[in-house]
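Protein sequence lines correspond, in order, to chains A and B. Its first residue numbered 840, the first sequence is counted upward by one per residue in our numbering. Its first residue numbered 1060, the second sequence is counted upward by one per residue in our numbering. All C-beta atoms in this analysis are idealised placements derived from N, C-alpha and C, irrespective of residue type, glycine included. Please read all numbers here as calculations on a predicted model, not as lab measurements.
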Amino acid sequence: MMDAFWSSCTKDLEKELSIQQFNTWIKPLQFTFSVDPCIEITLLAPNQFVLQWVKDNFFLRIKQMAEKHFCKEISLQLKIESSLDTKTIGLTKNITKITPTPVIQNLIAPIAQKAFKERTGRLDPSFTFDSFVAGKANQLARAGAIQVAESPGTAYNPFFIYGGVGLGKTHLIQAIGNFVLANTPLAKVRYIHSEQYVSDVVKAYRHKAFDEFKRYYHSLDLLLIDDIQFFGGKSRTQEEFFYAFNALIETHKQVIITCDSYPKEISGVEERLISRFGWGLTVAVEPPELEMRVAILLKKALLEKISLDENVAFFIAKHIRSNVRELEGGLKRVLAYSRFTGHPLSLDLTKEALRDLLTIQNRQISIENIQKTVADYYKIKTIEMYSKKRSRIIVRPRQMAMALAKELTPLSLPDIGESFGGRDHTTVLHGYRKIMGLRLSDPIIGRDFNILLHILRS
Amino acid sequence: MKQLLLDILPSSSPTLINFVPGRNIELLQTIKNILAGDEKEHFIFLWGKIGCGKSHLLQAIANDYTHRKLNIKYIKCDALCDGDAEFSEIMDSDYIAIDDVDRLNSSAQINLFNLYNQVRDEGHAIFLVSSSTAPAQLSLREDLVTRLRWGLVYQVYELTDEEKIQAMKNHATGHGFNLSEEICTYLLRHGQRDLPSLIAVLNALDRYSLANQRQISIPVLRELMLTTA
């Protein structure tokens, strides 16, 4: 009778839950019982984590099922597997017919991984200082990060890292988080992307839960906030962040921020926040140079336990220059092709695997072409694109060309700046933002931009 | 007098079996690996011309997952899709397909960016994205594009004319009628050349010939094309 109950209970739960939920939470449970003096059911969970989850999510449902089945009140308990010595009926005995497919088996581990991440500040454990490839482009940022990780709240507060997309900012700040957690496992660490922070503010606003929101963020030991440029124009978010920032800094709790630009260049963010961002240490990460890109590929291959020839790494690094994510994407593509063909990694195989990508890149618009087209359009000399002149008649077309170069080429901002007479990447960003703003407010600029875009694309 | 037709058509929902791979054999193998749970990479980006089979592949995986009672979310993007509803509450999905990502507006891009980060954090769902623009030429947020290029990127090649003819013949056989090479060539010369359009004409031709009780031939096809034009 007891066996019959557990069998029907698991069958019902199997119908109610998704396969991976069932396999993760219900399947590992072992059913035990005693009937004297009254029916007492004990479910044995393999660990505390499963126990807590089942308690929070399925306890009431299982109790209801049991009471319905036996038509009387039942005592239901949850315990960790090794802590009881009673008659056990393994659940696996009852559902041996359910054999998870490889897809489902792959799904189970990540669920536990998600829960682990919740407890560790949503950090990716693979982002560590060891797995971070250092080079000229990021050595200052890395050195600062290590100091902050070793003495959080005292070395540099806030620690502000800025640079283009895919250059390792997230990796670096999460490495700090992982380092702090490794040294102080009870530290309250939270990594959050600024878009998610904005969405949390909206949720708090909607549910009138600002007190709870404040309590949570003000209680952290380490706050890692990524891509803060997305706070631009969001005044309520900025206000909340301002309070959280002050509360944390005052209590010597560490704040770490990343952004795509230097603090003073962030548009739409209040001055009081921008000035505070400069209180600690501000460092830049630049796009990696060739040797560093090769080192990144070799490191990645090492992590994947693949032997990668340096010539192959050089070939990929030479052709994929813009950022680390694309570099890794390129390597994945080569590895996938090698697996598919069954041929070992070689230079020829790499060229073949990346052929599509390289063809597309060759077809792309060159920066020289953009400069010439824009100069012709505004009837100025192409040489003015690189000149130091700052008169409006020259500056606006130059900014237009910079904005188009950012839109139409995969080049990094420093590379674009270099092509415009060795200008700084922040000048390029400023020019880009200026044109993007004017596109909306000035119909003539908007029209010019669209026409030039069309000419260059066609 | 026209023959009335029962509106029963053989099912031709997208599967990997009715996908004509052409030069996309490597991609097809990767997708088979995904379905077998043997693919380590969860993020795949497909790009290629309109009508080259991207949606077919995305839907074929969705159908396979649905068949196995796994949770799927297939989103066909357009300029009106703001992503608020589309990209939220899909975290329980085992498979997420974002078709025509290049058509997303700016607010939807933010939502997709957040979704991508969440999926990556969870390490759970298979995430496929399609675009008719090459990733390097996508005019989406740069931080989103670099993420989409982080996984495996495949170009989906259009079929050659010979492969299209073979695909049309296979389709006709599957629907119980024969198709001559001549008709296929005629269609390739005079109609829209992408496979979905060609298949749509074949379906219309099948129904037209049945309704008018005439054998499928070039005059019948020409008549149909004139009528629909």
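- Annotated three-state conformation of A:Glu912 is coil, per DSSP.
- B:Ile1258 is the residue among B:Tyr1216, B:Ile1258, B:Leu1211 whose C-alpha sits nearest the C-alpha of B:Lys1228.
- Taking a Cβ-Cβ threshold of 7 Å, the residues of chain A close to B:Arg1206 are Arg1164, in chain order.
- A:Arg961 and A:Arg1029 do touch by the CB rule: their CB atoms are close to 7 Å apart, below 8 Å.
- For A:Gly1168, the neighbours in chain B by C-beta distance under 7 Å run, in chain order, Arg1208, Trp1209, Gly1210, Val1212.
- Under the 10 Å beta carbon count, A:Ala982 is surrounded by fewer than 16 other beta carbons and is classified as exposed.
- Taking C-beta atoms under 8 Å as the contact rule, A:Leu1142 and A:Ser970 qualify, at a distance of about 7 Å.
- Rounded to whole angstroms, the Cβ separation of A:Gln869 and A:Glu920 is 6 Å, and the two are in contact under 8 Å.
- Within the stretch 1066 to 1149 of chain A, the runs of alpha helix (DSSP H) at least 4 residues long that lie entirely inside it are, in chain order, 1074 to 1089, 1110 to 1116, 1129 to 1142.
- Per DSSP, reduced to three states, the secondary structure at A:Arg1029 is strand.
- Comparing C-alpha distances from A:Met1241 to each of A:Leu1291, A:Val1019, A:Asp1195, A:Thr1198 shows the shortest one belongs to A:Leu1291.
- DSSP, reduced to helix, strand and coil, places A:Gln869 within a strand of the structure shown.
- The straight-line gap separating the alpha-carbon atoms of B:Val1178 and B:Phe1186 is approximately 8 Å.
- In this structure, the straight-line span from the alpha carbon of A:Ile1204 to that of A:Phe861 is close to 52 Å.
- Shortest Cα-Cα distance from A:Ser1038 to any of B:Phe1102, B:Ile1084, B:Gly1096, B:Ser1166 involves B:Ser1166.
- Not a single CB atom of chain B sits nearer than 9 Å to the CB of A:Ala1242.
- Rounded to the nearest angstrom, the Cβ distance from B:His1101 to B:Ala1184 is 7 Å, consistent with a contact under 8 Å.
- Closest option to B:Leu1105, judged by alpha-carbon separation, among B:Leu1094, B:Asp1158, B:Phe1172: B:Asp1158.
- Excluding its 5 nearest sequence neighbours in each direction, A:Thr1265 has C-beta neighbours in its own chain below 7 Å: Ser1100, Tyr1101, Glu1104, listed in chain order.
- Judged by DSSP in its simplified three-state form, B:Ser1190 adopts strand.
- A straight-line Cα-Cα distance of about 7 Å links A:Gln1013 and A:Asp963.
- One finds Glu1034 in chain A with Cβ atoms closer than 7 Å to the Cβ of B:Ile1169, taken in chain order.
- Of the other Cβ atoms in all chains shown, 16 or more fall within 10 Å of the Cβ of A:Thr1076; this residue is therefore buried.
- Closest in C-alpha terms to A:Lys907, from the list A:Lys866, A:Trp845, A:Thr871, comes A:Trp845.
- In chain B, no part has a C-beta under 7 Å from the C-beta of A:Tyr1271; the shortest such distance is about 11 Å.
- At the C-beta level, A:Thr1009 and A:Thr871 stay beyond 9 Å of one another.
- Listed along the chain, the chain A residues whose CB falls inside 7 Å of the CB of B:Phe1172 are Glu1034.
- Counting every other CB atom within 10 Å of its CB across the protein chains shown gives A:Gln903 a total below 16, marking it as exposed.
- Per DSSP, the beta bridge partners of A:Thr881 are A:Thr871, A:Gln916.
- Comparing alpha-carbon positions, the option among A:Cys877, A:Gln916, A:Leu883 lying closest to A:Cys910 turns out to be A:Cys877.
- A:Leu1011 is not a Cβ neighbour of A:Ala976, given a cutoff of 9 Å.
- The secondary-structure analysis by DSSP pairs A:Phe999 across a beta bridge with A:Ile1096, A:Thr1121.
- In this structure A:Leu1062 touches A:Leu1087 by the C-beta definition: roughly 6 Å separates them, less than 8 Å.
- Per the C-alpha coordinates, the member of B:Leu1174, B:Cys1136, B:Pro1278 positioned closest to B:Asp1151 is B:Leu1174.
- DSSP, read as helix, strand or coil, puts A:Val972 in coil.
- Non-local C-beta neighbours of A:Met841 in its own chain, meaning closer than 6 Å and more than five positions away in sequence, comprise Phe872, ordered along the chain.
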